[in-house]
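Asker: Convert by adding 1 to the 1-based position in the sequence shown; the result is the number in the working numbering. Glycine included, each C-beta is placed from N, C-alpha and C at the ideal position.
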Amino acid sequence: MAKKVNWLIAEEKIRKTGLVIFSPLDLKRILGVSDISVRFFLTRYVRKGAIIKLRNNLYALSNNPPSELEIANALYQPSYISLTYALSYYNLIPEAVYSITSVTTRATAVFNIHGKEFRYHKIKISAFTGYLPEKINGKTILIADKEKALVDYLYFAGRKLYKINDRLDTSHLKKTKIIMYARLFNNATLERLIKEML
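1. So who's on the other strand from Asn113, going by DSSP bridges?
2. From what residue to what residue does the beta strand (DSSP E) around Ala145 run?
3. Answer yes if the segment 77-88 comes into contact with the segment 34-50, meaning at least three C-beta pairs across the two stretches below 8 Å, and no otherwise.
4. What residues match up with Lys176 in a beta bridge as DSSP calls it?
5. I need the straight-line Cα distance from Met198 to Phe129, nearest angstrom please.
6. With a threshold of 8 Å, are at least 3 pairs of Cβ atoms found where one atom belongs to the segment 170-184 and the other to the segment 103-121?
7. Please go through the segment 19-60 and give each complete beta strand (DSSP E) segment of 3 or more residues, from N-terminal end onward.
8. Distance check for Arg30 and Asp153, CA to CA, integer angstroms please.
9. Rounded to a whole number of angstroms, what is the C-alpha to C-alpha distance between Ile124 and Lys5?
10. Is the segment 161-172 close to the segment 89-105, with three or more CB pairs under 8 Å?
11. Alpha carbons only, please: which of Pro134, Gln78, Tyr156 is nearest the one belonging to Tyr121?
12. Hey, could you find the ends of the alpha helix (DSSP H) Ile200 is sitting in?
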């Protein structure tokens with residue numbers, strides 16, 4: 002028989018771990034209960050609205066929801082925020098971007114979570130670098146540095162997935178870093194685009 006889990010105790014234990022986004026496996030470890038107990042617990046408290054289901058096997062407390070950027074980092078791993086979202090964040094393009102764009106070494110994917118679109122584009126493992134943990138609104142987020150966000154963007158622009166923004170401001174970027182990142186892709190179209198831009 003599944004052990005019934007007390008909500009107040011469970012909520013306190015989850016908060017103490019510091020996890021904002023958690024999996025059933027995390028809950029099993031935190032609460033010290035069986036798989037069946039975790040399943041009943043999640044079903045019950047998602048239905049009551051106390052827990053948010055982000056996608057299969059990813060949850061959050063309703064009264065401590067994760068930021069959209071935390072969701073982007075956790076939703077599809079490994080990944081880091083890049084492309085148009087990062088360019089907008091660094092003010093390299095003037096437009097606001099509504100989809101959160103990331104790169105991953107996994108298959109390209111798109112998720113819609115609570116009305117927000119999360120896009121993941123696949124890059125080769127050798128190019129999966131140039132990101133850092135950055136404090137954004139008090140949360141630690143994995144995001145490409147400015148130069149890597151540009152190179153990732155130009156790589157996909159070369160593959161016709163993005164149209165190059167004519168108001169892209171690259172004046173404050175380090176050219177040596179851009180060239181170093183571009184070489185990781187080993188892509189002639191990308192190298193040509195960068196030469197035209199620099």
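Answerer: To lay it out plainly:
1. Counting from one through the sequence shown, the residue named residue 113 turns up at place 112. Per DSSP, Glu118.
2. As a first step, residue 145 is located in the sequence shown; it is residue number 144 there, counting from the start. Annotation for Ala145: the continuous beta strand (DSSP E) segment containing it runs 140-145.
3. Result no; under three Cβ-Cβ pairs closer than 8 Å.
4. Taking the sequence shown and counting its residues from 1, one reaches residue 176 at position 175. Lys176 is not bridged to any residue.
5. Within the sequence shown, the letter at position 197 stands for residue 198. Within the sequence shown, the letter at position 128 stands for residue 129. Distance between the alpha carbons of Met198 and Phe129 is about 22 Å.
6. Note that the segment 170-184 does not touch the segment 103-121; fewer than 3 beta-carbon pairs, one per stretch, sit closer than 8 Å.
7. Runs found: 52-56.
8. Locating residue 153 in the sequence shown gives position 152, counting from the first residue. Locating residue 30 in the sequence shown gives position 29, counting from the first residue. Near 37 Å, if we compare the C-alpha coordinates of Arg30 and Asp153.
9. For this step, residue 124 is matched to residue 123 along the sequence shown. For this step, residue 5 is matched to residue 4 along the sequence shown. CA-to-CA, the gap between Ile124 and Lys5 works out to about 44 Å.
10. Segments in contact, yes.
11. In the sequence shown, counting from the first residue as 1, residue 121 sits at position 120. Nearest of Pro134, Gln78, Tyr156 to Tyr121, Cα basis: Gln78.
12. Residue 200 falls outside the range modelled here, since the chain spans only 2 to 199, and no answer is possible.
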